[in-house]
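Residues in the sequence shown are numbered from 515 upward in steps of one, following this note's numbering.
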Amino acid sequence: GGGPAGDLFVVVMVTRHEVFQRDGDNLRAAVSVPMTAATLGATIPFETFDGTQDLNIAAGTQSGTVVKLSGLGATRLRSETRGDLLITVDVLTPDKLDDEQRELLEKLAELRGEETPRAQISTENRGMFSRMRERFAGR
């Protein structure tokens with residue numbers, strides 16, 4: 515056409531995915547694993563946009579641990595490289611135990627020298643106000 519030059523605006527709407535969330539060039543997801551798999555370690559299949567990948571859960575993995583699958587995130591703008599897929603592990607603690615399972619866990623606790631559970635204050639994940647209070651108190 516012979517009309518005047520103008521601007522073209524394109525609006526892109528990204529719908530929410532049921533498994534993955536975008537975080538810049540990275541993708542985030544979560545996976546739930548049984549307590550035994552987190553304790554002993556396991557390799558579990560994890561479905562990605564590139565097909566099924568082996569997700570290695572190291573022995574002793576705690577809830578909240580993030581496992582990285584490099585290069586399986588979103589494609590970077592104007593590049594052929596990709597971000598990472600960051601998977602947060604949620605360790606499932608059994609809520610229903612039969613007598614044999616309870617007995618085995620109690621025996622394990624005894625072998626590990628674990629007594630009656632007590633709250634332990636973690637110094638790693640203190641909040642901002644706790645850190646400020648300690649600074650003002652001179653600790």
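Backbone N, C-alpha and C define an ideal beta-carbon position, used for all residues, glycine too.
For clarity, every value in this text was computed on a predicted model and none was experimentally measured.
The criterion of a C-beta distance shorter than 7 angstroms is not satisfied by S546 and D609.
Contact between V581 and I601 holds: their C-beta atoms lie close to 5 angstroms from each other, under 8 angstroms. Around the beta carbon of L554, fewer than 16 other beta carbons sit within 10 angstroms, so the residue counts as exposed.
Going by C-alpha positions, E561 is about 6 angstroms away from Q567.
Inter-segment contact for the segment 616-629 and the segment 580-598 is absent: fewer than three beta-carbon pairs are separated by less than 8 angstroms. Taking the Cα positions, A588 is about 15 angstroms away from G565.
In this chain, the alpha helix (DSSP H) harbouring D613 covers D613 to L625. Collapsing the DSSP output to three states places A543 in a strand. Apart from the 5 residues on each side of it in sequence, Q615 sits with its Cβ closer than 8 angstroms to the Cβ of P608 in its chain, given in chain order.
Exposed is the label assigned to L522, since fewer than 16 other Cβ atoms lie within 10 Å of its Cβ. Inter-residue distance for N540 and E624 is about 43 angstroms (C-alpha atoms, whole angstroms). Between L606 and P548, the CB-CB gap stays under 7 angstroms. By alpha-carbon distance to L583, the top candidate from G538, P518 and N570 is N570. For T575, the number of other beta carbons within 10 angstroms of its own is at least 16, and it is reported as buried.
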